[in-house]
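**Q** Attaching a single structure in structure tokens format; questions to follow.
2 protein chains.
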Amino acid sequence: MPIPHLSNVQTGPLLALEGRILAAQPQIEHWFRSQWHAHATPFYGSVDLRNSGFKLAPVDMNLFPGGFNNLNADFIPLAVQAATSAVEKVCPEAKSLLLIPENHTRNTYYLQNVAALAHILELAGLKVRLGTLNPEISAPTDLIAADGRAVRLEPIVRRGNRLMLEDGFNPCLILLNNDLSAGIPDLLRNLEQDLLPPLHAGWAVRRKSHHFQAYDRVAAEFSQLISIDPWLINPMFSACGGLDFQSRHGEQQLADTVSELLERIRVQYRAHDIKHEPFVIVKADAGTYGMGVMSVKSPEQVLGLNRKARNKMSVVKEGMEVSEVIVQEGVYTFETVEDAVAEPVVYMMDRSVIGGFYRVHTDRSVDENLNAPGMHFVPLSFETACLPDHQRHPDCPANRFYSYGVISRLALLAGSLELEATDPDADCA
Amino acid sequence: MPIPHLSNVQTGPLLALEGRILAAQPQIEHWFRSQWHAHATPFYGSVDLRNSGFKLAPVDMNLFPGGFNNLNADFIPLAVQAATSAVEKVCPEAKSLLLIPENHTRNTYYLQNVAALAHILELAGLKVRLGTLNPEISAPTDLIAADGRAVRLEPIVRRGNRLMLEDGFNPCLILLNNDLSAGIPDLLRNLEQDLLPPLHAGWAVRRKSHHFQAYDRVAAEFSQLISIDPWLINPMFSACGGLDFQSRHGEQQLADTVSELLERIRVQYRAHDIKHEPFVIVKADAGTYGMGVMSVKSPEQVLGLNRKARNKMSVVKEGMEVSEVIVQEGVYTFETVEDAVAEPVVYMMDRSVIGGFYRVHTDRSVDENLNAPGMHFVPLSFETACLPDHQRHPDCPANRFYSYGVISRLALLAGSLELEATDPDADCA
């Protein structure tokens, strides 16, 4: 697998950060080991990174990653090893697993993701079948994924406190690849079986602002460990609630939040001698799939939004209304893959990086959300297994990918702390 | 990495065995998970396999594997993940590790192995330094490995019950890559630090016959699990003690043991309609490095051995005398790599296969020991990560390598049972 062509416009300060991360590699790995000794690893996760040349930071952390079909096939053994380890922790006796995908059965790429994920779990030694929450599927249904693979979805049956399939398939474990944006179905509550990720990881409960609060703590501790300015790896943010985009309720409050955050970024840019124009990303606090996202360079941009923009911001996946947003420091991406703007997405299972890809968008610019129709994906080279090469320059792909893996694992750890903090009942989790 | 060219003269019955293993993959992986829940995984190990087309069996299991330099570099991420997992089990807080290699400092390929192993451990986040038991090394000494890398060996200092280096390096963990053929040095006894593998894994205590007794149990249970004849994966053997090759004491007893085992093989060959001539391997019960090994087709061959043959059999590594041998069913190897006779060697860490290579010998025949001067090594393709491909023929490399990984992990499990059974004191281990 050739390494995709990467280029970085600005490599000055990030090289220093990467050098710091490489030099501290034994301490970093030791620190992660002790963190994972104290905190339960999420079963899986993916992290969107942005690399501006002066800053390398996670901008989103997904606890129900899709896109396993976009990983480099060379990574599969790593994923299988990590999945085996994850299953061992939860339930070493597990023989079978029910995978619950999203309901959008017409997205053949998503179906390909489901097939790829099921394949990894099968290779880890589980009997895997797919149960759907989609009420339209009332009998076993074969769908065809984008790559031509057949994917069989079956209706879920609840017997007492166990989920099963109609023919009596009685799984030991339930894995959600459905982010519960539409709310937590009663079907999934109070199950006897282990359910991963826990229900409160779903977007019915989860908030980006909780995640980034947890990330603040992780980034602070990590930055102290390797003696860096935490701002270099941490985007600032503010949460803003009580909004109604349709009635324009809370608009001024949002503009004030944007203004205040832009000012804080300006202070940092001045301190770090950065000449770019600050921008912020306004996004639904419980949103996903790149929906409900706006890139903003001045507070005026959120005042007097036209109908189209209001519609875009007010509703996210599954038609949920947006009343809470997170205003996040925008991180430029100065990475390109074959001249198109790109951002790395890193995939993890258990405590391991298992691969990643570049999300590439030929029609978007360096300060925009790339998670939008028209994006495509370029698998990272195998070197993202994220092993550093101390003989080489910090900027070589192996070493860059090591840094990417480290920052992504910080976000994964923040996901773990976030789930601990929001756990409604430790016994349910 | 291209897949080495493999050819198999006889593929009939082994295809059936491979088909069985592939079909039972979820059960097999589940079974391994529960076995590793009940038994501690050895830190690392390598297994010599022989594939005769009708039989696929381990013929040797090394608990102090050398040859990490011969692994395909693509495997390194798997090794790092496995090493991380192994360290987590023993001592999640470990920051530093002292690696104790063999004393033969003039073998530059062995030094390359040490450097490769140290690199894997460093990538797992440990500070690794090399301490030597070699009394000739009284100050830090830089040696040059075959690939030009510098390898620094330092004298070990014992302070109280801790091993350290002269400058105060105080490791959390000690890893032996020295198989203790010469006996257990007092320096290593009753240490505070975790020592891996345990002292009784060394050849001062270990016996091949104990290993294969444990393998008998593992093979029997596994064969029942997937409904196969255990003989297909298990070489028969007998132990024979009280020998003195120089004085010819016990020669007749050895001949009788050979005769009896040849007869048992003949019975199996008849039952399985195999037309080859049975042979046995006579080898030192505590031997390693391919020393003290003889391939024998009739009991007369061990009677009246000439001086050269007696010398060869009587002394193994570190000049230890041989008084106990194991007489093992010979397993033909009908695998060839570029027309030379080859046998696979599979490497494992923790519970995972991390790679392997073919040991190839252009001057040896299908019924001989290949672990001898003149051998060379061909890394297996990445597919030995041993993940099956159910869409393809059982004989394709990915599927063949899955079977190799399964049989090797059976031998690793036997290593674990063997260490449990021979543990002199659970608290020391």
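Sequences listed follow chains E and V, in order.
Following our numbering, the numbering of the first sequence begins with 2 at its first residue and continues without gaps.
Following our numbering, the numbering of the second sequence begins with 2 at its first residue and continues without gaps.
Here a beta-carbon is modelled for each residue, glycine too, at the ideal position from N, C-alpha and C.
When you compare the segment 166-175 of chain E with the segment 118-136 of chain E, are there three or more beta-carbon pairs, one atom per stretch, that lie closer than 8 Å?
**A** Segments in contact, yes.
**Q** Residues of chain E with CB under 9 Å from V:A147, in chain order?
**A** One-based indexing of the second sequence puts residue 147 of chain V at position 146. Neighbours of V:A147 on chain E: none; closest Cβ ~17 Å, over 9 Å.
**Q** Can you pull out the residues from the segment 29-63 of chain E whose beta carbon lies closer than 9 Å to at least one beta carbon of chain V?
**A** Per Cβ criterion, the list reads I29, E30, H31, W32, F33, R34, S35, W37, H38.
**Q** Look at E:V60 and E:Q329 and say whether their C-beta atoms are less than 8 Å apart.
**A** Taking the first residue of the first sequence as 1, we reach residue 60 of chain E at position 59. Taking the first residue of the first sequence as 1, we reach residue 329 of chain E at position 328. Their beta carbons are under 8 Å apart, which means E:V60 touches E:Q329 by this criterion.
**Q** Check this for me: beta carbons of E:V323 and E:A285, under 8 Å apart or not?
**A** Within the first sequence, numbered from 1, the residue matching residue 323 of chain E stands at position 322. Within the first sequence, numbered from 1, the residue matching residue 285 of chain E stands at position 284. In this structure, E:A285 lies closer than 8 Å to E:V323 by Cβ.
**Q** Does E:T42 pass the burial test, meaning 16 or more other C-beta atoms within 10 Å, or should it be called exposed?
**A** Residue numbering aside, residue 42 of chain E sits at position 41 when the first sequence is read from its first letter. So E:T42 ends up on the buried side.
**Q** Checking contacts by CB at 8 Å: is V:E89 closer than that to chain E?
**A** Start at 1 with the first residue of the second sequence, and residue 89 of chain V comes out as number 88. Chain E contact via Cβ: present.
**Q** Find the nearest neighbour of E:A183 within the set E:A287, E:A343, E:L304, judged by alpha-carbon distance.
**A** Looking up residue 183 of chain E in the first sequence gives position 182. Cα-wise, what sits closest to E:A183 is E:A287.
**Q** Give the DSSP-derived three-state secondary structure of V:T85 in the structure shown.
**A** Looking up residue 85 of chain V in the second sequence gives position 84. If DSSP states are grouped into helix, strand and coil, V:T85 belongs with the helices.
**Q** Contact between the segment 147-164 of chain V and the segment 94-107 of chain V is defined here as three or more beta-carbon pairs at a separation below 8 Å; is this criterion met?
**A** Because the criterion of three Cβ pairs below 8 Å is met, the segment 147-164 of chain V and the segment 94-107 of chain V touch.
**Q** Interface residues of chain V around E:L451 at Cβ under 9 Å?
**A** This structure gives no information on residue 451 of chain E, because the portion of chain E shown stretches from 2 to 430.
**Q** Counting pairs of beta carbons, one from the segment 354-368 of chain V and one from the segment 65-83 of chain V, are three or more of them closer than 8 Å?
**A** Because the criterion of three Cβ pairs below 8 Å is met, the segment 354-368 of chain V and the segment 65-83 of chain V touch.
**Q** For the segment 300-315 of chain V against the segment 210-229 of chain V, do three or more pairs of beta-carbon atoms, one drawn from each stretch, fall closer than 8 Å, so that the two count as touching?
**A** No: the two stretches stay apart, fewer than three of their Cβ pairs being nearer than 8 Å.
**Q** State the Cα-Cα distance for the pair V:P186 and V:L192, rounded to the nearest angstrom.
**A** Looking up residue 186 of chain V in the second sequence gives position 185. Looking up residue 192 of chain V in the second sequence gives position 191. Roughly 12 Å separates the two Cα atoms.
**Q** How big is the Cα-Cα spacing for E:Y405 and E:L50?
**A** The residue given as residue 405 of chain E occupies position 404 in the first sequence. The residue given as residue 50 of chain E occupies position 49 in the first sequence. If I take the Cα positions, the gap works out to 8 Å.
**Q** In this structure, how does DSSP classify V:S47 when only helix, strand and coil are distinguished?
**A** The sequence position of residue 47 of chain V within the second sequence is 46, counting from 1. The answer is strand: DSSP assigns V:S47 an E or B state.
**Q** Contact criterion: CB-CB distance below 8 Å. Does E:P231 meet it with respect to chain V?
**A** For the purposes of this step, residue 231 of chain E is taken as the residue at position 230 of the first sequence. Closer than 8 Å: no.
**Q** At 4 residues or longer, and completely inside the segment 304-355 of chain V: list those alpha helix (DSSP H) runs for me, N to C.
**A** Entirely contained in the segment 304-355 of chain V, the alpha helix (DSSP H) runs reaching 4 residues are, in chain order, 308-315.
**Q** Apply the 10 Å Cβ neighbour rule to E:N179 and answer buried if 16 or more other Cβ atoms are within range, or exposed otherwise.
**A** What you label residue 179 of chain E is simply residue 178 of the first sequence in a count that begins at 1. Result: buried.
**Q** When the cut-off is 8 Å and only beta carbons count, does E:L411 lie next to chain V?
**A** Working through the first sequence from its first residue, we reach residue 411 of chain E at position 410. For E:L411, the answer is no, since every Cβ of chain V falls outside 8 Å of its Cβ.
**Q** V:G54 and V:P395 - do their beta-carbons sit closer together than 8 Å?
**A** Counting from one through the second sequence, the residue named residue 395 of chain V turns up at place 394. Counting from one through the second sequence, the residue named residue 54 of chain V turns up at place 53. Contact flag unset, no.
**Q** Taking the alpha-carbon of V:E264 as reference, which of V:D426, V:P300, V:I22 has the nearest alpha-carbon?
**A** Working through the second sequence from its first residue, we reach residue 264 of chain V at position 263. Among V:D426, V:P300, V:I22, the Cα nearest to that of V:E264 is on V:P300.
**Q** Do E:A415 and E:Y216 count as a contact pair if the criterion is CB distance below 8 Å?
**A** By one-based count along the first sequence, residue 216 of chain E stands at place 215. By one-based count along the first sequence, residue 415 of chain E stands at place 414. In contact: E:Y216 and E:A415 (Cβ atoms closer than 8 Å).
**Q** With a cut-off of 8 Å, does the C-beta of V:S86 fall near any C-beta of chain E?
**A** As a first step, residue 86 of chain V is located in the second sequence; it is residue number 85 there, counting from the start. Judged by the 8 Å Cβ criterion, V:S86 is in contact with chain E.
**Q** Which word fits E:H201, buried or exposed, when buried means at least 16 other C-beta atoms lie within 10 angstroms of its C-beta?
**A** Counted from its first residue, the first sequence places residue 201 of chain E at position 200. Result: buried.
**Q** Just reading off the beta strand (DSSP E) that E:D257 is part of, what are its end residues?
**A** Within the first sequence, the letter at position 256 stands for residue 257 of chain E. Looking at the DSSP string, E:D257 is not in any beta strand (DSSP E); the run it does join, the alpha helix (DSSP H), is 252-272.
**Q** Considering only C-alpha positions, which residue in the set E:I29, E:L57, E:V361, E:F69 is nearest to E:P1?
**A** Shown here, chain E extends from 2 to 430; a query on residue 1 of chain E therefore has no answer.
**Q** Exposed or buried, E:G293, counting other C-beta atoms within 10 Å across all chains shown (16 or more means buried)?
**A** Position 292 of the first sequence, counted from the first residue, corresponds to residue 293 of chain E. It is buried - the Cβ of E:G293 has at least 16 other Cβ atoms within 10 Å.
**Q** By Cβ distance below 6 Å, which residues in the same chain neighbour V:S239 in space, the five residues on each side in sequence not counted?
**A** For the purposes of this step, residue 239 of chain V is identified with residue 238 of the second sequence, where counting begins at 1. Answer for V:S239: T258, L262, V328, listed in chain order.
**Q** Can a CB atom of chain E be found closer than 8 Å to the CB of V:E94?
**A** The residue labelled residue 94 of chain V in the question sits at position 93 within the second sequence. Judged by the 8 Å Cβ criterion, V:E94 is in contact with chain E.
**Q** Could you check what DSSP says for E:I121 in three-state terms: helix, strand or coil?
**A** As a working note, residue 121 of chain E is residue 120 in the first sequence. Reduced to three states, the DSSP call for E:I121 is helix.
**Q** For the alpha helix (DSSP H) that V:I227 lies in, which residues bound it at each end?
**A** Counted from its first residue, the second sequence places residue 227 of chain V at position 226. First-last of the alpha helix (DSSP H) with V:I227: 209-227.
**Q** For V:T363, count neighbouring Cβ atoms within 10 angstroms of its own Cβ and tell me buried if that reaches 16, exposed if not.
**A** Residue mapping note: residue 363 of chain V aligns to position 362 of the second sequence, counting from 1. So V:T363 ends up on the exposed side.
**Q** Along chain E, which residues have their Cβ under 9 Å away from the Cβ of V:L79?
**A** Position 78 of the second sequence, counting from 1, holds the residue named residue 79 of chain V. Near V:L79 (Cβ distances below 9 Å), the residues of chain E are P78, L79, Q82, A386.
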